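K.L.:
Under this note's numbering, the first residue of the sequence shown carries the number 82, and numbering increases by one thereafter. Have a look at this one.
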Amino acid sequence: MPKILHIGKFFPPFAGGIENFLADLMPAQADQGDTVAALVHDHEPRFSRFFSPVQAESLGEGLIYRAPTYGRLLYAPVTPQFPFWLNRVLQEWKPEVLHLHLPNTSAFFCLWLPRARRIPWIIHWHSDVISTLNQ
Numbered sequence: 082m083p084k085i086l087h088i089g090k091f092f093p094p095f096a097g098g099i100e101n102f103l104a105d106l107m108p109a110q111a112d113q114g115d116t117v118a119a120l121v122h123d124h125e126p127r128f129s130r131f132f133s134p135v136q137a138e139s140l141g142e143g144l145i146y147r148a149p150t151y152g153r154l155l156y157a158p159v160t161p162q163f164p165f166w167l168n169r170v171l172q173e174w175k176p177e178v179l180h181l182h183l184p185n186t187s188a189f190f191c192l193w194l195p196r197a198r199r200i201p202w203i204i205h206w207h208s209d210v211i212s213t214l215n216q
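Written out as structure tokens, the structure is:
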């Protein structure tokens, strides 16, 4: 079974649609025999972590890498270190599939990294936010 690296926006305890889906999907994939990990943004800005080494939390369903953030700008995490974390996780964990969860601006770093371009991708668009105010 494949080694799947999910590229997400955040992960629980942050509450959101993509985050809940990812928290449900990873254990289901692990139950099917896949090896799973996720690279996400830390939902809390922690200035003490900006120069910390790339490391993962071990959860029952896989590994979670939380890249440190400066905060958010227009709902997007501001994480200048994300491409470095992505490159390091690709180098050390060696996934066979990248599963990109969009909308997520950091997923576009996969276009820049040769190591990411050599791996098959699954691109998952989770939904637009539809307003009822204009109806």
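Note that the Cβ used here is the ideal one computed from N, Cα and C, for glycine as well. Since the structure is predicted, the reported quantities are computational estimates derived from the model, not experimental observations.
Which term fits Leu155, buried or exposed, when burial requires 16 or more other beta carbons within 10 angstroms of its beta carbon?
P.N.:
Exposed.
K.L.:
Is Gln110 buried or exposed, if buried means 16 or more other CB atoms sit within 10 Å of its CB?
P.N.:
By the neighbour-count rule (16 or more Cβ atoms within 10 Å), Gln110 is buried.
K.L.:
Let me check understanding here. Comparing Cα to Cα, which of Val117, Thr150 and Arg153 lies closest to Glu138?
P.N.:
When only C-alpha atoms are compared, the closest one is Val117.
K.L.:
Work out the CA separation of Ile204 and Ala197 for me, nearest whole Å.
P.N.:
In a straight line, the C-alpha of Ala197 is about 13 Å away from that of Ile204.
K.L.:
For Trp50 and Leu179, which I take to be in contact (beta-carbon distance under 8 Å), what is that distance rounded to the nearest angstrom?
P.N.:
Nothing in the structure corresponds to residue 50, since the chain is present only between 82 and 216.
K.L.:
DSSP three-state call for Thr116: helix, strand or coil?
P.N.:
Of the three classes helix, strand and coil, the one that applies to Thr116 here is strand, per DSSP.
K.L.:
Quick one: using the 10 Å Cβ neighbour count with 16 as the cut-off for buried, is Glu100 buried or exposed?
P.N.:
It counts as buried.
K.L.:
Below 7 Å CB to CB, which residues in the same chain sit around Lys158 once its five sequence neighbours on both sides are set aside?
P.N.:
The displayed chain sequence assigns Pro, not Lys, to residue 158. Here the set comprises Lys90, His122, Thr150 and Ser187.
K.L.:
Can you name the residues that DSSP bridges to Ser139?
P.N.:
According to DSSP, which records beta bridges pairwise, Ser139 is partnered with Leu144.
K.L.:
According to the neighbour-count rule (16 or more other Cβ atoms, all chains shown, within 10 Å of its Cβ), is Phe189 buried or exposed?
P.N.:
Exposed.
K.L.:
In the DSSP assignment, what residue or residues form a beta bridge with Ile85?
P.N.:
Bridge partners of Ile85: Val117 and Val178.
K.L.:
Answer with buried or exposed for Gly141, where buried requires no fewer than 16 other C-beta atoms within 10 angstroms of its C-beta.
P.N.:
Exposed: under 16 other Cβ atoms inside 10 Å.
K.L.:
Tell me whether the beta-carbon of Leu194 lies closer than 8 Å to the beta-carbon of Pro164.
P.N.:
Yes, the pair counts as a contact, with Cβ atoms nearer than the cut-off.
K.L.:
State the DSSP-derived secondary structure class of Pro158, mapped to helix, strand or coil.
P.N.:
In the structure shown, Pro158 sits in a strand (DSSP, three-state: E or B).
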